[in-house]
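Contents: one structure, followed by commentary.
Numbering (this note's numbering), first residue to last: 320 to 448.
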C-alpha cells in the first residue's frame with residue numbers, strides 16, 4: 320500500500336471520528352456541564368468498536384489493512400481521546416474534587432476495558448463455529 324494512501328485513509332477516518340466525538344461531547348453537555356459524559360461515552364464507544372474490529376481482523380476478508388487503517392487507526396483514534404480525559408481529570412483535581420477525579424478515572428478505565436472485551440469476545444462468540 321502506498322504511504323500517501325495510508326495517510327489519507329487515517330486522515331479521513333480521523334476526520335469522521337473527531338466530528339463524531341464533537342457531536343457526542345455536545346450531547347454530553349445536555350446531561351451535565353460539570354461531568355464530562357461526552358468524553359466518557361466516546362471512549363467507551365470507541366473501545367467497543369475497536370474490540371469488534373480486533374476480533375474481525377483475523378476472521379474477515381473484508382477487514383483489509385486499508386479498512387483497518389481507516390476504521391481502527393483513523394476513526395477510533397479520532398473518536399476516542401486520552402488528551403481530553405486527562406484534561407478533565409486535572410480540571411477535577413484543580414477544583415479539589417478528588418472523589419470526582421478518582422471516580423471518573425475508575426469509570427473510564429473499567430468501562431473502556433469492559434466495552435473492548437464485550438466487542439472482542441461478543442464477535443468471537445457470535446462467529447464461532
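C-beta atoms are modelled at their ideal positions from N, C-alpha and C, and glycine is treated no differently.
**Simplified DSSP state of residue 322, which is helix, strand or coil** = helix
**Item:** Whole-angstrom C-beta distance between residue 435 and residue 347, which should lie under 8 Å
**Value:** Contact doesn't hold; Cβ gap of about 20 Å is too wide.
**Prompt:** Closest to residue 392 by CA distance: which of 439, 404, 366 is it?
**Reply:** 366
**Asked** Using the C-alpha atoms, what's the distance from residue 401 back to residue 419?
**Response** 17 Å
**Asked** Where does residue 416 sit, in a helix, a strand or coil, going by DSSP?
**Response** coil
**Asked** Counting along the chain, where does the alpha helix (DSSP H) carrying residue 376 start and finish?
**Response** 356-376
**Request:** Alpha carbon to alpha carbon, how far is residue 336 from residue 327? Give it in angstroms, no decimals.
**Result:** 14 Å
**Request:** Taking 7 Å as the cut-off, decide whether the C-beta atoms of residue 386 and residue 360 are in contact.
**Result:** no
**Length-filtered (4 minimum) alpha helix (DSSP H) runs lying within the segment 416-441** = none
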